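A.B. asks: Note that the protein sequences, when read in sequence, are chains P and Y.
Each residue of the first sequence is one higher than the one before, starting from 11 at the first, in my numbering.
Each residue of the second sequence is one higher than the one before, starting from 89 at the first, in my numbering.
Heads up, the beta-carbon is just placed ideally off N, CA and C, and yes, glycines get one too.
Just so you know, these numbers come straight off a predicted model, no measurement behind them.
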Amino acid sequence: MIHYVLLIFMAVVALGLARQRNLFAVVILFGIYSFTAALLYVVMDAVDVAFTEAAVGAGISTVLMVATLALTSTEEKPATWRVCPLLVVTLTGAVLIYGTLDMPRYGDPSAPIHQHVAPHYIEKSAAEVGPPNIVTSVLASYRGYDTLGEVIVIFTAAAGVLVLLGRYRPKKRRVPSRKDQAVARKTTTRKAAARKASSP
Amino acid sequence: MIYGATVAALLVIMGLSLVRAFKGPTVYDRMVAANTFGTLTVITLAVYGFMRGRPEFLDIALVYAVINFIGTIAVAKFVKFSHLGHPAGDDHGGDI
Chain P
11 MIHYVLLIFM AVVALGLARQ RNLFAVVILF GIYSFTAALL YVVMDAVDVA FTEAAVGAGI
71 STVLMVATLA LTSTEEKPAT WRVCPLLVVT LTGAVLIYGT LDMPRYGDPS APIHQHVAPH
131 YIEKSAAEVG PPNIVTSVLA SYRGYDTLGE VIVIFTAAAG VLVLLGRYRP KKRRVPSRKD
191 QAVARKTTTR KAAARKASSP
Chain Y
89 MIYGATVAAL LVIMGLSLVR AFKGPTVYDR MVAANTFGTL TVITLAVYGF MRGRPEFLDI
149 ALVYAVINFI GTIAVAKFVK FSHLGHPAGD DHGGDI
């Protein structure tokens, strides 16, 4: 029951997102969408996915999108209705829904994904790898190369972003000329005078 | 039973705060609505954990509570300063 309510919330928020023109409101609605999705994942027992969704979707991506708004405008151009994109999207959605019809029921123990290597992991991972958490031993040992590849991808992305953005350079210190020194002395004396005047 | 009723009530309140997030004429309405929604998510998670006999969900709810305010602080800071770093304008590199 709670699944359906949460799914309806997500659909409503998605529709609102598409109609909203104020990008500030869009960012905030995105946060709400992420929290609903995270709650849905927990209800569906995918706690690790829910953690990722809450940390990335509701946490950091809100901050990143607000930072992007700081560089651009907060108002979107008014929308224009076109038939062709709507048709394409509807068709794609229909095909995707048709594709899910063949899938096994949610939580079905006889689904193919639960018949292949999962029994092996459940029975043997404690003896073969060690940690009591099966997900940890799958990620760190059975799919170790996969995880290594993911780490390389993330490292490359971070390195690329750092190269693109450049690094923080302190301002160049030039040797103050005699004129600068004179100006500085004058301003400091003026500041001191102002301080003396403002203090009781 | 009582947990089910509580979850239902919480979902109704979530819907109400969603309405405020949609309608909210000012940014502040939407900010408060989003923060309320996050808090309600935390509470729903805790109550749902007790409803299904798995109070371990309480830990996850705590982490959500920690995450919840980050976005609110970012949005509030943007509203106040119009950007996220260098509020003072000098060369100390900002605070975020």
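1) Which of the three DSSP states is assigned to N32(P) in this structure?
2) For a contact meaning CB atoms closer than 7 Å, what does V76(P) contact in chain Y?
3) When you compare the CB of I123(P) with every CB in chain Y, is at least one pair closer than 9 Å?
4) By DSSP's criteria, E85(P) is part of a beta bridge. Which residues make up the other side?
5) Among residues of its own chain, excluding the 5 on either side of A47(P), which ones have a beta-carbon nearer than 6 Å to its beta-carbon?
6) Report buried or exposed for F169(Y), applying the criterion of at least 16 other Cβ atoms within 10 angstroms of its Cβ.
7) Counting only the same chain and skipping the five closest in sequence on each side, list residues whose C-beta sits under 6 Å from that of G67(P).
8) Buried or exposed for Y116(P), going by 16 or more other Cβ atoms inside 10 Å?
9) Which bits of chain P does G141(Y) rub up against, with CB to CB less than 8 Å?
10) On the CB-based measure, 16 or more other CB atoms within 10 Å of its CB, does I155(Y) come out buried or exposed?
11) I need the straight-line Cα distance from D156(P) to R142(Y), nearest angstrom please.
12) Using the beta-carbon count (16 or more within 10 Å), is S120(P) buried or exposed?
C.D. replies: With the given structure in hand:
1) Looking at N32(P) - three-state DSSP - the assignment turns out to be strand.
2) Going along chain Y in sequence order, the residues near V76(P) (Cβ under 7 Å) are A162, V163, F166, L172.
3) Cβ-Cβ to chain Y under 9 Å: no for I123(P).
4) Its beta-bridge partners are N32(P).
5) The residues are E63.
6) With fewer than 16 Cβ atoms within 10 Å of its Cβ, F169(Y) is classed as exposed.
7) S44.
8) Y116(P) should be labelled exposed.
9) Chain P residues near G141(Y): none, gap ~13 Å exceeds 8 Å.
10) By the neighbour-count rule (16 or more Cβ atoms within 10 Å), I155(Y) is buried.
11) The C-alpha of D156(P) lies about 32 Å from the C-alpha of R142(Y).
12) That one is exposed.
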